[in-house]
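K.L.:
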Amino acid sequence: MCDIHLGGYNNNYSNVTNPLIVNVLNYINENYKRQLTVSKIAEHFFVNASYLSRLFSETLNIPLLKYIRKIKMYNIASDIVTLGFDQDIWKDYGFKSYESYLKNFKKTFDMTPSEFLKNHLSNNMRK
Numbered sequence: 011m012c013d014i015h016l017g018g019y020n021n022n023y024s025n026v027t028n029p030l031i032v033n034v035l036n037y038i039n040e041n042y043k044r045q046l047t048v049s050k051i052a053e054h055f056f057v058n059a060s061y062l063s064r065l066f067s068e069t070l071n072i073p074l075l076k077y078i079r080k081i082k083m084y085n086i087a088s089d090i091v092t093l094g095f096d097q098d099i100w101k102d103y104g105f106k107s108y109e110s111y112l113k114n115f116k117k118t119f120d121m122t123p124s125e126f127l128k129n130h131l132s133n134n135m136r137k
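Just so you know, the sequence shown maps onto residues 11 to 137 in the working numbering.
#1: Once DSSP output is grouped into helix, strand and coil, what is the label at residue 29?
#2: Return the first residue and the last residue of the alpha helix (DSSP H) that residue 81 is part of.
#3: Residue 40 to residue 132, Cα distance in whole Å?
#4: For residue 93 versus residue 74, is the C-beta distance shorter than 9 Å?
#5: Excluding sequence positions up to five away, which residues of its chain have a Cβ less than 8 Å from the Cβ of residue 55?
#6: Excluding the 5 residues flanking residue 89 on each side, which residues of the same chain have their C-beta closer than 7 Å to its C-beta?
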């Protein structure tokens, strides 16, 4: 997964004991490049979408859709850092449009992907 420490993001849910939530976490981590929705995930696990969303939020203190977005964004950030900036990376991560991808990236990191890469490179040069 992403080994970049950014904004206090924590993907360490090793203490989760609910089998459904563990399976959902694994499913998301294996399928984050797809267009994942609460409904699609709930359907995959044969549970009600509202129930899954509530259980996920109660268990992890983060809404399911926000978790999915963070997983996508932090993996994109990792790809940008390791592979370089690619204008079309959003297509590989199941976004319907560049605008949607850019909005989510800015919401997560408070900067554009190209600014993110420049910032990362300049921080690494100072070390």
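Every residue gets a Cβ at the ideal spot worked out from N, C-alpha and C, and that includes glycine. Predicted, not measured: the structure shown is a model, and the values here were computed from it.
P.N.:
Considering the structure as presented:
#1: helix
#2: Looking at the DSSP string, the run of the alpha helix (DSSP H) that includes residue 81 is 74-93.
#3: 31 Å
#4: no
#5: Close CB contacts of residue 55 within its chain, under the 8 Å cut and outside five residues either way in sequence, are with 30, 33, 34, 37, 62 (chain order).
#6: 99
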